[in-house]
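Below is one structure, written out as structure tokens, with a few remarks after it.
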Amino acid sequence: MFTRWPPVTPPVYPPKFNRSLVAVRGTVYCKSCKYAAFNTLLGAKPIEGATVKLVCKSKKNITAETTTDKNGYFLLLAPKTVTNFGFRGCRVYLVKSKDYKCSKVSKLFGGDVGAELKPEKKLGKSTVVVNKLVYGLFNVGPFAFNPPCPK
Numbered sequence: 005m006f007t008r009w010p011p012v013t014p015p016v017y018p019p020k021f022n023r024s025l026v027a028v029r030g031t032v033y034c035k036s037c038k039y040a041a042f043n044t045l046l047g048a049k050p051i052e053g054a055t056v057k058l059v060c061k062s063k064k065n066i067t068a069e070t071t072t073d074k075n076g077y078f079l080l081l082a083p084k085t086v087t088n089f090g091f092r093g094c095r096v097y098l099v100k101s102k103d104y105k106c107s108k109v110s111k112l113f114g115g116d117v118g119a120e121l122k123p124e125k126k127l128g129k130s131t132v133v134v135n136k137l138v139y140g141l142f143n144v145g146p147f148a149f150n151p152p153c154p155k
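First residue of the sequence shown? That's 5 in our numbering, and the numbers climb one at a time after it.
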């Protein structure tokens, strides 16, 4: 006599996440003297030519730099060795301003100590294609420089 067992159901596997390259976007501003001591961008103006740097710590440090456009916007494409599986080891720093009248790095949103990358969560907006390569999109900032203000 054989006992019938219920049919075996296959195990449920978690969904597979596709590996993608990493692109980081953000903006850089020059804060106004009126609000320089506050964590706000009231009265701030975008800075063209500001340099931001991506630093990823893994077995070896991986870095990349880019500059902002006339609207203070940047899109930093990480080296191809950095993927969305390892983005947690990466930070973005403010490096320098092209505007000597506004060149002191502020503490706003971690531009001075390195801001953590935040994945873009908007459906359909979480990737960007550059030169036929798909990049996962991450956000940082906005960052700001302080002008020398009279006390």
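Note that CB positions come from ideal geometry on N, CA and C, so glycine has one too.
Delimiting residues of the beta strand (DSSP E) encompassing residue i
| i | result |
| --- | --- |
| residue 30 | 25-34 |
| residue 97 | 94-100 |
| residue 60 | 55-60 |
| residue 43 | Element bounds for residue 43: n/a, residue is neither H nor E. |
| residue 150 | 147-150 |
| residue 140 | 137-143 |
| residue 134 | 131-134 |
| residue 124 | That residue, residue 124, is in no beta strand (DSSP E); it is neither H nor E in DSSP. |
| residue 77 | 77-81 |
| residue 51 | Neither: residue 51 is in no beta strand (DSSP E) and is coded neither H nor E. |
| residue 71 | 66-71 |
Cβ-based neighbour list, residue i, same chain, cut-off 6 Å, excluding 5 preceding and 5 following
| i | result |
| --- | --- |
| residue 2 | Since the first residue of the chain shown is 5 and the last is 155, residue 2 is not available in this structure. |
| residue 97 | 57 and 118 |
| residue 40 | 150 and 153 |
| residue 38 | 47 |
| residue 106 | 34, 149 and 151 |
Supposed close pair residue i, residue j - CB separation, criterion 8 Å
| i | j | result |
| --- | --- | --- |
| residue 95 | residue 120 | 6 Å |
| residue 103 | residue 110 | Between residue 110 and residue 103 the Cβ distance is about 14 Å, and since that is not below 8 Å, they are no contact. |
| residue 108 | residue 149 | 6 Å |
| residue 129 | residue 137 | The Cβ separation is near 17 Å, so there is no contact. |
| residue 80 | residue 134 | Not really, about 11 Å apart at Cβ, beyond 8 Å. |
| residue 55 | residue 100 | 5 Å |
Neighbourhood of residue i by C-beta distance below 8 Å, restricted to the same chain and skipping five residues each side
| i | result |
| --- | --- |
| residue 31 | 50, 72, 75, 76, 77, 78, 145, 146 and 147 |
| residue 90 | 60 and 62 |
| residue 122 | 142, 143 and 144 |
Contacting residues, own chain, Cβ-Cβ under 7 Å from residue i (five flanking each side not counted)
| i | result |
| --- | --- |
| residue 48 | 33, 34, 35, 36 and 148 |
| residue 132 | 27, 139 and 141 |
Open item on the list: If contact is defined by three or more beta carbon pairs under 8 Å, each pair taking one atom from either stretch, is the stretch 58-71 in contact with the stretch 82-94?
Closed with: yes
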